[in-house]
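Residue numbers (this note's numbering): 13 to 130. Glycine included, each C-beta is placed from N, C-alpha and C at the ideal position.
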């Protein structure tokens with residue numbers, strides 16, 4: 013919903029074959045309402061990090077990321093990477109990620125490569 017509805021990305025860009033081969037992290041309210049999500053890929057990268065508008069500012073994204081990082085560590089990864097939208101770089105830096113490489117466009121949105129040593 014966040015990427016397709018709020019950021020108006022094409023739905024076909026949101027779903028890919030990787031979805032069936034990765035671990036999904038989902039934060040649910042006790043009512044069953046989804047609050048946020050992320051996915052951990054086999055190579056240790058974390059993607060599709062999103063928090064529903066009503067739940068932003070409640071540390072849901074941080075909790076999801078900490079769960080994904082912990083899962084990556086338990087799977088034996090020594091680092092994890094993200095493609096961070098430019099406006100989210102500070103969020104990932106607070107988690108210990110560092111920017112590397114040059115800015116790039118992904119589905120028309122400016123991103124930065126970021127890495128966290130585990």
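1. I'd like to confirm the pairing. Which residues does DSSP put opposite residue 34 in its beta bridges?
2. Of the choices 86, 73, 82, whose alpha-carbon is the least far from that of residue 96?
3. By the three-class DSSP mapping on this structure, what secondary structure does residue 108 have?
4. Going by C-alpha distance, which of 49, 62, 42 is nearest residue 36?
5. How about the segment 50-68 and the segment 88-102: do they share at least three Cβ pairs that are nearer than 8 Å?
6. Which value, in whole angstroms, describes the spacing of the CA atoms of residue 120 and residue 113?
7. Between which two residues does the alpha helix (DSSP H) holding residue 83 run?
8. What does the Cβ neighbour count give for residue 62, buried or exposed, with the cut at 16 atoms within 10 Å?
The structure says:
1. Here residue 34 is taken as the residue at index 22 of the chain shown, counted from 1. The partner list for residue 34 (beta bridge, DSSP) is empty, contrary to what the question assumes.
2. Along the chain shown, read from residue 1 onward, the residue named residue 96 stands at position 84. Of 86, 73, 82, the residue nearest in Cα terms is 73.
3. Counted from its first residue, the chain shown places residue 108 at position 96. Here residue 108 sits in coil by DSSP.
4. Against the chain shown, residue 36 aligns to sequence position 24. Here the closest residue by C-alpha is 49.
5. yes
6. The sequence position of residue 120 within the chain shown is 108, counting from 1. The sequence position of residue 113 within the chain shown is 101, counting from 1. Roughly 18 Å separates the two Cα atoms.
7. Numbered from its first residue, the chain shown carries residue 83 at position 71. Taken as a continuous stretch (DSSP letters only), the alpha helix (DSSP H) holding residue 83 covers 72-86.
8. Working through the chain shown from its first residue, we reach residue 62 at position 50. So residue 62 counts as buried.
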